[in-house]
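Residue numbers (this note's numbering): 4 to 283.
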């Protein structure tokens, strides 16, 4: 265990710390959306503070010949910068009286506070993925200036509107050389509208959309209003760089109580912005 997590000083047993960690991972996994369709790079370690951020443009094909001497052009970065890995964190407290009660009565550790902190961290991670962060100059899927953008059709409130928009979104990425598979994140209101029945049919809108979106359709609570984003998945287009994955650190006793911190370090790397299409 890494020393900075301060687990040796915690009043909890190893089994109880493991229980906290498992509660954090379980709660975050239920809430996280971006990680369901964006590949991870790492974890690289808690000491990694910055990472290369490469962006690519253009398209090309591989060569087919008998000598291997044709010029195909190389896959090289067009722009490289170095981005810091921001820390996402949320604190929670275990009260000393609760700890004494669990000990004296032989009760299991109540990990509700840890799970709650993990859900807040998960929301912050998704907000960073989808909307970026102006203070740290991060672009998100919904904010990158070079992404494709489409206007929403009828709020997806009529049959066929969602399918029309998704066809246009995948078509735009196809023309840019991104052939899928595709994934889509949808705001709660639009996700509900996807479950409307088609007129004179026994299928829902989402059943038809799913034929184009092979890597999944996900409801995303951080998406605002009526909005959606379609991406061509794969680490060649984007990934989530992870330094320190979600874990729990002990902050040291304070006024007899025991504060802990759920934390991680992550950075979304968008390599092909034209593999993203927002609908809003």
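C-beta atoms are modelled at their ideal positions from N, C-alpha and C, and glycine is treated no differently.
- One alpha carbon belongs to residue 183, the other to residue 12, and they sit about 49 Å apart.
- Per DSSP, reduced to three states, the secondary structure at residue 151 is strand.
- In the three-state reduction of the DSSP assignment, residue 161 falls in the coil class.
- Relative to residue 165, the option among 36, 199, 240, 236 whose CA is nearest is 199.
- Assignment of residue 223 by DSSP, reduced to helix, strand and coil, places it in the coil class.
- The beta-carbon distance between residue 237 and residue 268, rounded to whole angstroms, is 23 Å. This is too long to meet the 8 Å contact definition.
- Within 10 angstroms of the beta-carbon of residue 149 lie fewer than 16 other beta-carbons, which makes it exposed.
- The C-alpha of residue 185 lies about 28 Å from the C-alpha of residue 89.
- Judged by their CB atoms, residue 261 and residue 46 are not nearer to each other than the 9 Å cut-off.
- Shown here, residue 267 sits in a strand according to DSSP, grouped into three states.
- Burial state of residue 154 is exposed, judged by a 10 Å Cβ sphere holding fewer than 16 other Cβ atoms.
- In this structure, 188 is the residue among 138, 102, 188, 25 with its C-alpha nearest to the C-alpha of residue 223.
- Separation of the CB atoms of residue 233 and residue 23 is rounded to 37 Å, and the pair is thereby denied contact status at 8 Å.
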